[in-house]
Amino acid sequence: NIKNIYCIVFDEKNMFGHIASSSARCSSSLIRGTKKLFERSSIVNMQRADLNVASRPSDLVGNTPLLDLEKTLISNGVDVSKGTKLYAKMESLGPCSSVKDRIGRSMIDDAEAKGLLTPGKSVLVEPTSGNTGIALASIARERGYRCILTMPETMSVERRMMLLAMGAEVVLTPKETAVPGALAKAHEILEELGEDGFMLQQFENEANPRVHRETTGPEIWRDTDGLVDIFVSGVGTGGTLSGVSQFIKGSEKYNCPPLKQIKSVAVEPMEQMLITEKRGGEKLGEQGPHKIQGIGAGIVPANLDLDIVDQVIPIHSDTAMMMSNELWMMGIPAGVSAGAIVSASVQAAAEEENEGKMIVCVLPSFGERYFTHPMFAGTKEKAEGLVKQPLPEPWDNRDFGFETARG
């Protein structure tokens, strides 16, 4: 029979066991005996290495949580009574606040493992729509590489500022040429640098989809307990959709055993339906520049596994911006590409064949870096139009520029 319960309280300096008895009958010999027991225990010798502390920023990449977006389904008229679920993979919570943190680390790790980079000498050159560049700039600063990034002039000022703040060099290219123009400029810079220059080539680098097979896919499978039915992702480089789908649906090429035949849904701008066209579909409406930064790069990327794509949902820039604003009003700071992806996910959830299904989508980046995007024009105007208000007594508001004491 257990007559006494003992609580072990560890001293934070030497992890020494102190014994407190729940009963006055506890003898001093028992205390001394238990004290010796803990002196011999490995617990007493716990080292600081056991603390959950990352040694560098890139070690914080991955293991982002899922967020339930049931409210979004309901507000957009989707019947959730039959169990339809929508969860968002919150990649905006990474160290540099985007899904591109994963491929930035993966591609640099891969190049270093192959002996292709030399800290203090190698210069990273990469065309980017912004978020990959931010990840690369961060890791380049962490590991001692110079970093030059080319990007279309349409990319937000916030993104440019983040890159410059981390010591990267930014070269803007004409908006009309989208990513192909940025790519051409990157190749020109690479040629000028000679053997010191190195391009990671995110659109075709195998380390891109591989990191999603090795991390993002397993995380989604684990966190949904294998119940995920549909995966929705925007297509920038194609790595996220391809890698996650290959892990869950299986891939002989990459030695991934099949876990479940989920539906893989690609999201692209309605104004630039290149993936739809590549799969034999028809384009809708006027084609050309769009406002969804991060997807629709003007190419069908080599890293996109078209064979694994089951459906393509085009989203217009205006629809994406409206949904992004809706997410903000739910307390979720999201960029315009997140708006496009969630809009597509809501459309998928509304399809009769998907009733009762679990959908997982990617929220690729944090919304604060989009404040100069057109979707925030009204908010920016309102913020700039705010004026100070007079203070109550005993303050004399004439001291603050008001005409009278009370304002």
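Take the sequence shown: its position 136, counting from 1, is numbered 167 in our numbering, and each next residue is one higher. All C-beta atoms, glycine included, are put in the ideal place defined by N, C-alpha and C.
(message) If I measure Cβ to Cβ from Phe407 and keep anything under 7 Å in the same chain, skipping five residues before and after, which residues do I get?
(response) If we look at Phe407 and ignore the five residues flanking it on each side, its Cβ neighbours are Tyr401.
(request) Have a look at Lys145, Arg191 and Arg136 and flag the residue whose alpha-carbon is nearest the alpha-carbon of Leu167. (result) In terms of CA proximity to Leu167, Arg136 leads the group Lys145, Arg191 and Arg136.
(request) Give every residue of the same chain whose Cβ lies closer than 8 Å to the Cβ of Gln318, excluding the five residues on either side of it in the sequence, and list them in chain order. (result) Glu302, Gln303 and Met304
(request) Determine, using beta carbons only, whether Thr271 and Val130 come nearer to each other than 8 Å. (result) Their beta carbons are under 8 Å apart, which means Thr271 touches Val130 by this criterion.
(message) Between which two residues does the alpha helix (DSSP H) holding Pro249 run?
(response) Gly248 to Asp254
(message) With distance defined between alpha-carbon atoms, name the residue in Leu335, Gly327, Ala333 and Pro364 nearest to His347.
(response) Gly327
(message) Could you pull the DSSP bridge partners for Arg177 from this structure?
(response) Val154
(message) If distances are taken between C-alpha atoms only, which option among Ile139, Gly269 and Phe262 comes closest to Lys280?
(response) Per the Cα distances, Phe262.
(message) Helix, strand or coil, according to DSSP, for Val418 in the structure here?
(response) coil
(request) Let me know the secondary structure DSSP gives Phe262 once reduced to three states. (result) Strand at Phe262.
(request) Determine the direct distance from the alpha carbon of Met353 to that of Thr410, and round the result to whole angstroms. (result) 13 Å
(message) Once DSSP output is grouped into helix, strand and coil, what is the label at Leu290?
(response) Of the three classes helix, strand and coil, the one that applies to Leu290 here is coil, per DSSP.
(request) May I have the straight-line CA-CA distance separating Ser295 from Val391, to the nearest angstrom? (result) For Ser295 and Val391, the distance between alpha carbons rounds to 10 Å.
(request) Say yes only if the C-beta of Lys145 is nearer than 7 Å to one or more non-hydrogen atoms of the ligand ATP, and no if none qualify. (result) Summarising the ligand content, the structure contains no ligands, and the ligand ATP is consequently not present.
(request) Let me know the secondary structure DSSP gives Thr204 once reduced to three states. (result) Thr204 falls in the strand class under three-state DSSP.
(message) So Glu260 and Met121 are supposed to be a Cβ contact under 8 Å. How far apart are they, rounded?
(response) With the sequence shown as reference, residue 260 is identified as Asp, and Glu is not the correct amino acid for it. Met121 and Asp260 do not touch by the CB rule: their CB atoms are close to 20 Å apart, not below 8 Å.
(request) Kindly indicate which three-state DSSP category Gln324 falls into: helix, strand or coil? (result) Three-state result, Gln324: coil.
(request) Assign Ser89 to buried or exposed, taking buried as 16 or more other Cβ atoms, counted over all protein chains shown, within 10 Å of its Cβ. (result) buried
(message) Using the Cβ count rule (16 or more neighbours within 10 Å means buried), how would you classify Glu399?
(response) exposed
(request) Indicate whether at least one CB of chain B lies closer than 8 Å to the CB of Gly438. (result) In the structure shown, chain B does not exist; there is a single protein chain.
(request) With a threshold of 16 other CB atoms inside 10 Å of the CB of Ser112, please say whether the residue is buried or exposed. (result) exposed
(request) Identify every residue that forms a DSSP beta bridge with Met182. (result) Leu203
(message) In whole angstroms, give me the CA-to-CA distance for Pro421 and Leu358.
(response) 34 Å
(message) Quick check on the DSSP output: the beta strand (DSSP E) that includes Lys284 runs from which residue to which?
(response) Note, Lys284: premise wrong, no beta strand (DSSP E); not H, not E.
(request) Give the DSSP-derived three-state secondary structure of Pro395 in the structure shown. (result) coil
(request) Please say whether His243 and Gly275 have beta carbons closer to each other than 8 Å? (result) Position check: residue 275 holds Val in this sequence, whereas Gly was assumed. In this structure, His243 lies closer than 8 Å to Val275 by Cβ.
(message) Looking at Val84: is its Cβ nearer than 8 Å to the Cβ of Gly125?
(response) Taking 8 Å as the Cβ cut-off, Val84 and Gly125 do not qualify as a contacting pair.
(message) On the DSSP bridge list, what partners appear for Tyr118?
(response) Asp99 and Val391
(request) Note the first and the last residue of the continuous beta strand (DSSP E) segment covering Val343. (result) Gln342 to Ile346
(request) Taking 8 Å as the cut-off, decide whether the C-beta atoms of Glu189 and Thr403 are in contact. (result) yes
(request) Closer than 7 Å by C-beta to Asn94: which residues in its own chain qualify, once you throw out the five before and the five after it? Chain order, please. (result) Glu250
(message) Quick check on this structure: which residue in Arg177, Arg133 and Val202 has the alpha carbon closest to the alpha carbon of Thr185?
(response) When the alpha-carbon of Thr185 is set against those of Arg177, Arg133 and Val202, the nearest one is in Val202.
(request) Could you name the residues of the same chain whose beta carbon sits closer than 7 Å to that of Ser128, not counting the 5 residues immediately before and after it, in chain order? (result) Ser396 and Phe397
(message) Closest to Ala379 by C-alpha separation, out of Ser160, Asp349, Leu335 and Ser264, would be which residue?
(response) Ser264
(message) Measuring alpha carbon to alpha carbon, tell me which residue in Leu394, Thr246, Thr350 and Val156 is nearest Ala24.
(response) An answer regarding residue 24 cannot be provided, because it is not within the stretch 32 to 438 covered by the chain.
(message) By the DSSP assignment, the alpha helix (DSSP H) with Gly135 in it spans what residues?
(response) Lys131 to Ala144
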